[in-house]
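Each residue of the sequence shown is one higher than the last, beginning at 20 in the working numbering.
Glycine included, C-beta positions come from ideal geometry on N, C-alpha and C.
Keep in mind that this is a model prediction, so the values were computed, not measured.
Here is the structure we will look at, set down as structure tokens.
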Amino acid sequence: MKNEGIIIEVKKTRATLKAKDIGSELLIDSQRYRSHPDCKKLLCFVYDPDGWIANPRGLENDLNKSEDDFEIVTLIVPKGY
């Protein structure tokens with residue numbers, strides 16, 4: 020969504036990619052996208068169909084940021100069972 024300055028990053032959890040790894044990957048991704056001239060907002064969509072993330076709201080809160088001209092919005096779905 021170049022005109023809006025939004026980049027969407029999509030991840031899917033699995034047995035070898037749980038909350039800690041997802042968080043680490045998204046932090047690395049956010050640093051890369053922050054320096055991208057067309058990115059003002061990074062939307063991180065995490066699909067967790069098997070409930071590997073025990074505290075999805077907590078992880079969302081940890082990753083969500085708004086500073087200077089860059090915003091990170093994280094959405095983890097579904098939110099547990």
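One or two residues paired with residue i in a DSSP bridge
i	result
C63	E28 and T93
R33	L36
K84	I91
Among the options, the one whose alpha carbon lies nearest that of residue i
i	options	result
F56	E23, K98 and T93	Reading the sequence as shown, one finds Pro at residue 56 and not Phe. Answer by Cα proximity: E23.
K31	Y66, K60 and G70	Y66
P97	S49, G70 and E44	G70
K36	P68, Q50, D87 and M20	In the sequence as displayed, the identity of residue 36 is Leu instead of Lys. Residue P68 is the option with its Cα nearest to L36.
I25	P75, R53 and L82	R53
E44	N74, L82 and F89	L82
E127	G42, S49, N74 and K21	Limits of the chain in this structure are 20 at one end and 100 at the other, which puts residue 127 out of reach.
P75	I41, K21 and M20	I41
Cβ distance (whole Å) where residue i is taken to contact residue j below 8 Å
i	j	result
I72	A38	5 Å
C63	T93	4 Å
I95	K84	Contact doesn't hold; Cβ gap of about 16 Å is too wide.
E28	L78	Contact doesn't hold; Cβ gap of about 14 Å is too wide.
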